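Taking it in order: structure first as structure tokens, then the write-up.
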Amino acid sequence: MPKSISWRKLIQKIRNLGFDGPYGGGRHLFMKRENRRIIVPNPHKGDISSHLLAEILRQAGISKREWEGA
2 MPKSISWRKL IQKIRNLGFD GPYGGGRHLF MKRENRRIIV PNPHKGDISS HLLAEILRQA
62 GISKREWEGA
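Note that our numbering has the sequence shown beginning at 2, numbered continuously upward.
If you want it as structure tokens, here you go:
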């Protein structure tokens, strides 16, 4: 399971994997790549937990190997 990560680092790594954004839309920001759209948490103090990060990666279809290589 991936470790916790800062919001900025999360966005940076997701962009490196081909996603655009984040864009505003409703209560949360989202990022998109081709026909896939993922919801990302709003910026806040503290890191994103490993549990939430794993859920975001699952929704994005990003494998652990891809994540570590980004």
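Glycine included, every Cβ here is placed at the ideal spot set by N, Cα and C.
Quantities reported herein were computed from a predicted structural model and do not represent experimental measurements.
- Message: Is the beta carbon of A71 closer than 9 Å to that of I12?
- Response: No, the pair does not count as a contact, with Cβ atoms beyond the cut-off.
- Item | Cβ neighbours of D21 in the same chain (closer than 8 Å, five flanking residues each side left out) | Non-local C-beta neighbours of D21 in its own chain, meaning closer than 8 Å and more than five positions away in sequence, comprise M32, K33 and R34, ordered along the chain.
- Item | Alpha-carbon spacing of H52 relative to I40, whole angstroms | Distance between H52 and I40, taken at the CA atoms: about 15 Å.
- Is I63 helix, strand or coil when you go by DSSP? In the three-state reduction of the DSSP assignment, I63 falls in the coil class, being assigned neither a helical nor a strand state.
- Message: Check for me: the beta strand (DSSP E) holding R37 runs from which residue to which?
- Response: R37 to V41 is the span of the beta strand (DSSP E), which, as asked, contains R37.
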